[in-house]
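The listed protein sequences derive, respectively, from chains B and R. Taking my numbering as reference, the numbering of the first sequence is continuous, increasing by one, and the terminal residue is 213. Taking my numbering as reference, the numbering of the second sequence is continuous, increasing by one, and the terminal residue is 213.
Protein chains: 2
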Amino acid sequence: MKRTKIQNSDRELSVEKKKAILEGAMKEFLAQGYAAASMDRIATAAGVSKATVYSHFQDKENLFSALVEQLVQKKFQNIFGCMDSQAFQGEPTIVLRQLATNMLNMAHCDEQFLNFMRLVIGESGRFPVLAQAFISNVEKSAFAKLCHYLASRHELVLSDVEVTARIFIGTLVHFIIIQYMLHGGDILPMERDRLIDNLIKLICDRSKDRESW
Amino acid sequence: MKRTKIQNSDRELSVEKKKAILEGAMKEFLAQGYAAASMDRIATAAGVSKATVYSHFQDKENLFSALVEQLVQKKFQNIFGCMDSQAFQGEPTIVLRQLATNMLNMAHCDEQFLNFMRLVIGESGRFPVLAQAFISNVEKSAFAKLCHYLASRHELVLSDVEVTARIFIGTLVHFIIIQYMLHGGDILPMERDRLIDNLIKLICDRSKDRESW
DNA sequence: GTCTATAGGCGGATAGAC
DNA sequence: GTCTATCCGCCTATAGAC
């Protein structure tokens, strides 16, 4: 009994150190990028020694892969922000505006998310598998949800649901990249609501309702 | 006279070495990213000694900045590929299809361009000025050309020309990022022509012509 | 201007005590 | 499992000869 307790507490301690290492790694990799990140600084940030880091993760690449896979599965999975499936009910003009607003709000406020996108895109040539993990866990689920919603609203007359979803998300992601990631707000100014209004107008204006105009 | 000749030939030699250094730096930075790039390898690739590199450029950051600024002004300025201003004449469905096809072809075939985008986006947090140089020289000119064209075609009924241009370019750039940069072709499959067809349909289908349908 | 040679530091990774 | 101490290589940047 006593031995079990000690084993458990040891294991729990070890598990917590692993968590701490991943947290330290997140700070370091998001701030410095992969190559410039230092295993020394990760260990310090985690409050453990460098040898402990290497006892939990084989090497730097391994730690980086584990971190990114954790982030795409947990922290940054929901590209639409904090929306549950209940938010995907109601009129297109309202639901789509809410989706767009949430996406842009999240990207605008969450500097960590911007750094995460920078990291995934910047390393996608050297870590193609991690880029694909991002697609599978972040983009694909958002895309599927939006497609499902668009297909369920029969008042929308869409020539191609999947392409429409790509246009919607693509326009917003490109906006996020230009305005927030690449600091282009002053060079190519565009009001957030002006973009959203006209994007929604373009998608919804061919609804069956307008036959009664 | 003789001295002048020697001075000229010396200067020309120096200028050529500078070019060679920038070419070597391009290969190295595009392949490795900023932090993992090595000044040793840049010197070797350029066929000069490391000291010569440092005599032409203050330090690594300086060389990187000079390279990126050169690339946005020369090599990667035209996001629409090899299209001259003459290509911006004719019917929207034809011109826009040509533009989209050129953009996607260029991104699909030119691995250097993909690596350049990865580099600019990946380093945009630590080199914001270079990201802005990219916006000013690449995105802004493409955007301006497209806006100018869209505004000139009065048969198009667009609620907002600038937003329409953003939707067009944003959809295509997002497609390039997902399919080509992040290797998502197998995870979120989408035929190139299917995207282009329906994107153009969405933009052009409200043209005045359809009143005669 | 260009080279060779080298300084000086920080990088990733490990050995061995506890 | 975790630590301290250390190895060794590659990094950026420079000194000094030509």
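We put the beta carbon where it would ideally sit given N, CA and C, even for glycine.
- Within its own chain, the residues whose Cβ lies closer than 6 Å to the Cβ of B/L146, once the five positions on either side in sequence are excluded, are A165, listed in chain order.
- The beta-carbon separation of B/E23 and B/A37, rounded to 14 Å, does not stay under the 8 Å limit for a contact.
- Here B/Q132 is actually not in contact with R/G90; their C-beta atoms are around 39 Å apart, not less than 8 Å.
- Under the Cβ criterion (8 Å, minimum of three pairs), the stretch 40-54 of chain R counts as touching the stretch 11-28 of chain R.
- Runs of the beta strand (DSSP E) spanning 3 or more residues and lying entirely within the stretch 85-122 of chain R do not occur at all.
- Looking only at B/Y149, B/T101, B/R118 and B/R153, the smallest Cα-Cα distance to B/L195 is reached by B/T101.
- B/D197 sits in a helix when the DSSP states are folded into three classes.
- Nearest to R/R11 by C-alpha distance, out of R/H56, R/A51, R/Q32 and R/L104, is R/H56.
- Interface flag for B/M39 against chain R is unset, since no Cβ pair is found closer than 9 Å.
- With fewer than 16 other beta carbons inside 10 angstroms of its own, R/Q86 counts as exposed.
- At a cut-off of 9 Å between beta carbons, R/I79 makes no contact with chain B.
- Contacts between B/L67 and chain R, judged by CB atoms closer than 8 Å, are missing: the closest CB pair is about 16 Å apart.
- Secondary structure of B/D160 (DSSP, three-state): coil.
- DSSP places R/R166 within a helical segment (H, G or I) once states are collapsed to three.
- Under the DSSP assignment, R/S141 falls in the alpha helix (DSSP H) whose first and last residues are K140 to S152.
- Around R/E155, no beta-carbon contact reaches into chain B at under 8 Å, the shortest distance being about 17 Å.
- R/G47 is outside the set of residues whose beta carbon lies under 9 Å from a beta carbon in chain B.
- The stretch 113-121 of chain R and the stretch 64-80 of chain R touch, with no fewer than 3 CB-CB distances between them shorter than 8 Å.
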